[in-house]
Structures are given as structure tokens and as C-alpha cells.
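In the working numbering, the protein residues as written are 10 to 75.
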């Protein structure tokens with residue numbers, strides 16, 4: 010695990026989380042690809058939903074450790 014600083018309402022929050030920003034970028038790339046080809050397969054949808062859940066989980070863990 011890596012230690013990451015997260016800024017929340019002007020306060021620095023220190024916690025052990027995965028790379029939330031990286032997951033958000035990956036989700037953004039995936040959604041952009043779907044729009045480009047106008048096709049969303051079940052596998053793509055499931056991967057996107059998994060990323061969303063991981064992001065929410067990471068954020069909730071970070072906030073819980075405040």
C-alpha cells in the first residue's frame with residue numbers, strides 16, 4: 010500500500026489508500042472509449058462499475074481515518 014495525501018476542504022488528510030486519482034483517470038478513459046465507439050459491452054460496463062465501487066470504497070476509507 011502507498012501513503013497518499015488527499016486534500017479535502019482545504020485540509021490535508023493522510024491515509025493509506027490506493028491511487029484514487031489513477032482509478033478516476035482509468036474510468037474516464039474507459040467512458041471516453043465507449044462514447045467514441047458508441048458501444049458498451051457487458052464486460053466494459055462491469056469493469057466501469059467495479060472502478061466506481063473501488064473509488065467510493067477508497068474515499069470512504071480515507072474519510073473514516075480522518
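We put the beta carbon where it would ideally sit given N, CA and C, even for glycine. Predicted model only: the values in this text are computed from it and were never measured.
Item: I'd like to know whether the C-beta atoms of residue 56 and residue 39 end up nearer to each other than 9 Å.; Value: yes
Item: Hey, quick one: how far does the alpha helix (DSSP H) through residue 63 stretch, first residue to last?; Value: 51-73
Item: Since residue 61 and residue 53 should fall inside the 8 Å C-beta cutoff, what is the C-beta to C-beta distance between them, to a whole number of angstroms?; Value: No, residue 61 and residue 53 are not in contact; Cβ-Cβ is about 13 Å, not under 8 Å.
Item: Buried or exposed for residue 37, going by 16 or more other Cβ atoms inside 10 Å?; Value: exposed
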